[in-house]
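Here is the structure we will look at.
2 protein chains.
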Amino acid sequence: MDKLQRKERVAAIIKILSDNPNKVFSLGYFSDFFGSARSTLSEDISLAKKVVEYLGCGKIETLSGAAGGVKYTPGLSEKLKSEFLNELCEKLSSPDRIIKGGYIYMNDIVFSPDISSKVGTILAAYFIDKNVDYVVTVETKGIPIALMTANALNKPLVIARREVGVTEGSSVSINYVTGSSKKIQRMSLGKRALKKGSRCIFIDDFMKAGGTANGIVELLKEFDCELVGIGVLVEASADKKLVSDYISLLTLDMVDEENGKIKIYPTTNN
Amino acid sequence: MDKLQRKERVAAIIKILSDNPNKVFSLGYFSDFFGSARSTLSEDISLAKKVVEYLGCGKIETLSGAAGGVKYTPGLSEKLKSEFLNELCEKLSSPDRIIKGGYIYMNDIVFSPDISSKVGTILAAYFIDKNVDYVVTVETKGIPIALMTANALNKPLVIARREVGVTEGSSVSINYVTGSSKKIQRMSLGKRALKKGSRCIFIDDFMKAGGTANGIVELLKEFDCELVGIGVLVEASADKKLVSDYISLLTLDMVDEENGKIKIYPTTNN
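Chain order of the listed sequences is F and C.
Using the working numbering, read the first sequence as starting at 251 and increasing by one per residue.
Using the working numbering, read the second sequence as starting at 251 and increasing by one per residue.
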C-alpha cells in the first residue's frame with residue numbers, strides 16, 4: 251500500500267494510541283511503521299495532541315528518556331464528564347427502577363459497554379498517578395466497570411469470587427462482615443492471581459457501608475498486596491462508611507418506595 | 251478553539267467513530283461539529299476509510315438513505331487475527347498453566363482488557379450481520395469477553411447469574427444439566443433484563459460439551475427470545491458437543507497432566 255500522507259498519518263497515530271491506552275510507543279516504532287523521519291513524526295504527534303484536546307477525550311503525552319515515547323491517556327473533559335454523569339442520574343432516577351428493599355435496578359446501566367467504558371475512563375483518571383499494578387473487583391456487577399477502568403489504565407483485572415471455581419487452582423479465601431446487614435460473607439482468589447507486593451485499586455458498581463472494600467483489604471493482605479485506592483460508580487449516602495478514602499461518581503441519597511421517588515446526584519467532593 | 255484543518259479533522263473523525271463502534275453518525279452531525287461543508291467531510295471520510303484499511307483494524311462504511319451516515323465496525327485483518335491467536339496459543343500452552351483435573355489456568359488471559367478486547371472484536375465480526383439485540387453470558391469468567399463483544403457490536407450485555415441477587419427484582423430461574431459432568435445447575439435472570447422477541451448471542455470463555463449453552467437456550471425461551479449464535483474463546487475437543495452451531499477461536503486438544511503438555515491451536519473451520 252502507498253505510504254501515508256500527513257493527513258492520514260495523524261489519524262493512524264491517534265487510532266493506534268487510542269486502541270492501546272496508556273501504552274508507551276517509541277518514536278522509533280512509528281518511524282518504522284510509517285517509514286517516516288522522526289522529525290516528521292514529531293510534528294504529526296503535535297497535531298494528534300491538538301485533536302485529542304479539541305475533542306476533550308484525554309491527552310497524548312511525549313515522555314523523554316530511555317523509556318520514552320508517546321502515550322495516550324483516555325479522559326473526559328470536565329464538561330463532557332458533567333454532562334455524562336447528569337444524564338446517568340436522570341436515567342437512574344426513573345421511578346420504575348425502584349426494587350423492593352430500597353434498591354434501584356442498575357444492571358442495564360452498569361452492563362452497558364457504552365456507559366461502563368465512560369465510567370471506567372472517568373474512574374481511571376483518579377488513579378493514574380497511583381502506580382497501580384492491578385484493578386481488583388468482586389463478582390459480578392462491578393466487573394464491566396472494573397474491566398473498563400483496567401483498560402483505561404492498561405493494567406490487568408483481577409476478579410475475586412464468591413465461591414471457589416475448579417479452574418483457579420489453589421486459592422485463598424477469607425471471611426468478611428458486610429457493613430450494612432452485618433452478614434458474614436466469603437470471597438476467594440486464586441493464588442496465582444496477584445504478585446506479592448503489588449499495588450491494587452478496588453473498583454465496584456455500588457458501595458453501601460464499604461464492607462466489601464474492607465473484605466478486599468483483608469484478602470489483599472493474604473497476598474502481601476496493598477490497596478491504594480477505591481472507586482465506585484454509586485455510593486449510598488445513608489450508610490455510615492467503614493472506609494474513609496474512596497472516590498464515588500454518584501451519590502444515591504434516597505429511595506422512597508412509597509412515593510416512587512429516587513434522589514441521586516453527581517458526588518460533589520471529588 | 252480554531253477550526254480544525256483536514257489533517258486534524260480526519261484524525262478527529264476516526265477517534266469519534268472508533269470510540270463509538272457500530273454507531274451511525276450522520277454527515278450532518280460531523281458538519282455541525284466541525285463547521286465544515288458536507289462535500290469536504292465526504293473527502294475526509296474517504297481518507298479515514300483508507301487509514302482504517304491500512305491499519306487492518308476494521309472498516310468505515312457510508313450508509314445511504316434516511317437512516318444513513320457513517321459507522322465504524324472494529325475488526326482485525328486476517329494477518330493480525332492469525333498472529334494474535336497464535337500468540338494466545340503460545341501463552342496458553344505453557345505447562346505451568348495446568349491445573350489438577352485437566353483444566354488450564356486462563357484467568358489472566360480472559361480478564362486482561364487488552365486480550366479480551368481483541369477477542370471481543372474477533373467474535374463480534376461473526377455476528378455482525380445476525381441482527382443481534384443482546385449479548386448474553388453467564389457469570390463469571392466469560393464476562394470480560396462478552397462485554398468486549400457487546401462493545402464491538404454496540405449492543406447491551408446481559409449476565410445470567412448462578413444465584414438470584416436482591417438487586418435484580420423479579421427473576422426467572424431454570425435448571426439445566428451440564429454436558430460433561432451431568433450435574434444439575436441453575437441460572438437466573440432478572441425479568442427486566444430482556445425484551446420479549448429479542449435475538450441474542452451467547453458468548454463465553456470456554457465450552458466443554460455445551461451444557462451451559464443449552465441452559466441459555468432454555469432460559470431465553472422463558473423470555474420468548476431466540477438464540478441466534480454462540481461464540482467461545484476456547485472449545486475442548488474431547489467432549490461430544492450438545493450444540494452444533496457455534497464459533498470457537500481456539501481448540502484445546504489435550505491437557506497431559508502427567509507429562510506437563512498442553513495442545514491448543516486456532517480452530518480451523520471458521
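Quick reminder that beta carbons are idealized off the backbone N, C-alpha and C, glycines included.
Here the structure is a predicted model, which is why all the values come from computation and not from measurement.
Quiz prompt | 9 angstroms Cβ cutoff, Pro363 (chain F) in contact with chain C | solution = yes
Exercise. Count the other CB atoms, across all protein chains shown, that sit within 10 Å of the CB of Lys329 (chain C); report buried if there are 16 or more and exposed otherwise.
Key: exposed
Self-check item: DSSP state of Cys450 (chain C) mapped onto helix, strand, coil
Solution: strand
Exercise. Figure out for me which residue from F:Ala287, F:Asp379, F:Arg347 has the closest Cα to the Cα of Gly510 (chain F).
Key: F:Arg347
Exercise. May I ask which residues mark the beginning and end of the alpha helix (DSSP H) holding Val369 (chain F)?
Key: 363 to 377
Self-check item: Integer Cβ distance of Ser498 (chain C) from Met457 (chain C), believed to fall under 8 angstroms
Solution: 7 angstroms
Quiz item: Can you tell me whether Glu389 (chain F) is buried or exposed, with buried defined as 16 or more other CB within 10 angstroms of its CB?
Solution: buried
Quiz item: Would you say Asn502 (chain F) reaches chain C, if we count a Cβ-Cβ gap shorter than 9 angstroms as a contact?
Solution: The amino acid at residue 502 (chain F) is misidentified as Asn; the sequence shows Leu. Answer no: the Cβ-Cβ gap between Leu502 (chain F) and chain C never drops below 9 angstroms.
Quiz item: Out of F:Thr371, F:Ser366, F:Val484, which has the shortest C-alpha to C-alpha gap to Thr539 (chain F)?
Solution: Chain F is shown only over 251 to 520; residue 539 (chain F) falls outside these bounds and no answer can be derived.
Practice problem: For Asp383 (chain F), count neighbouring C-beta atoms within 10 Å of its own C-beta (all shown protein chains included) and say buried if the count is 16 or more, exposed if not. | Solution: buried
Self-check item: Reference Gly308 (chain C), options C:Asp294, C:Ser296, C:Ser327, C:Asn381, closest by Cα
Solution: C:Ser327
Practice problem: Output the distance between the C-alpha atoms of Tyr353 (chain C) and Thr417 (chain F), rounded to the nearest integer angstrom. | Solution: 6 angstroms
Quiz item: If you measure beta-carbon to beta-carbon, which residues of the stretch 292 to 322 of chain F are closer than 9 angstroms to chain C?
Solution: Asp294, Leu297, Ala298, Lys300, Val301, Val302, Glu303, Tyr304, Leu305, Cys307
Quiz item: Under 8 angstroms Cβ-Cβ, which residues of chain C neighbour Pro345 (chain F)?
Solution: Ordered by position in chain C, no residue passes the 8 angstroms Cβ test against Pro345 (chain F), which lies about 13 angstroms from the chain.
Quiz item: Listed in chain order, which residues of the stretch 436 to 466 of chain F have Cβ atoms closer than 9 angstroms to some Cβ of chain C?
Solution: Gly440, Arg442, Ala443, Phe456
Quiz item: How big is the Cα-Cα spacing for Ala262 (chain C) and Ser430 (chain C)?
Solution: 50 angstroms
Quiz item: Any Cβ of chain C within less than 9 angstroms of the Cβ of Glu258 (chain F)?
Solution: yes
Exercise. Determine whether the Cβ of Lys391 (chain C) lies closer than 9 angstroms to any Cβ atom of chain F.
Key: yes
Practice problem: Please go through the same chain and pick out, in chain order, the residues whose beta-carbon is closer than 6 angstroms to the beta-carbon of Gly440 (chain F), but skip the five residues on each side of it. | Solution: Glu418, Gly419, Ser421
Quiz item: Does any CB atom of chain F fall closer than 9 angstroms to the CB of Glu476 (chain C)?
Solution: no
Quiz prompt | Listed by chain order, chain F residues near Ser286 (chain C) by CB distance under 9 angstroms | solution = Those do not exist, as Ser286 (chain C) stays about 13 angstroms from chain F at its closest Cβ, beyond 9 angstroms.
Self-check item: Secondary structure, alpha helix (DSSP H): runs of 4+ residues fully inside the stretch 258 to 285 of chain F
Solution: 277 to 284
Practice problem: Going by CA-CA distance only, name the one from F:Asn270, F:Ile453, F:Lys391 that's closest to Tyr496 (chain F). | Solution: F:Ile453
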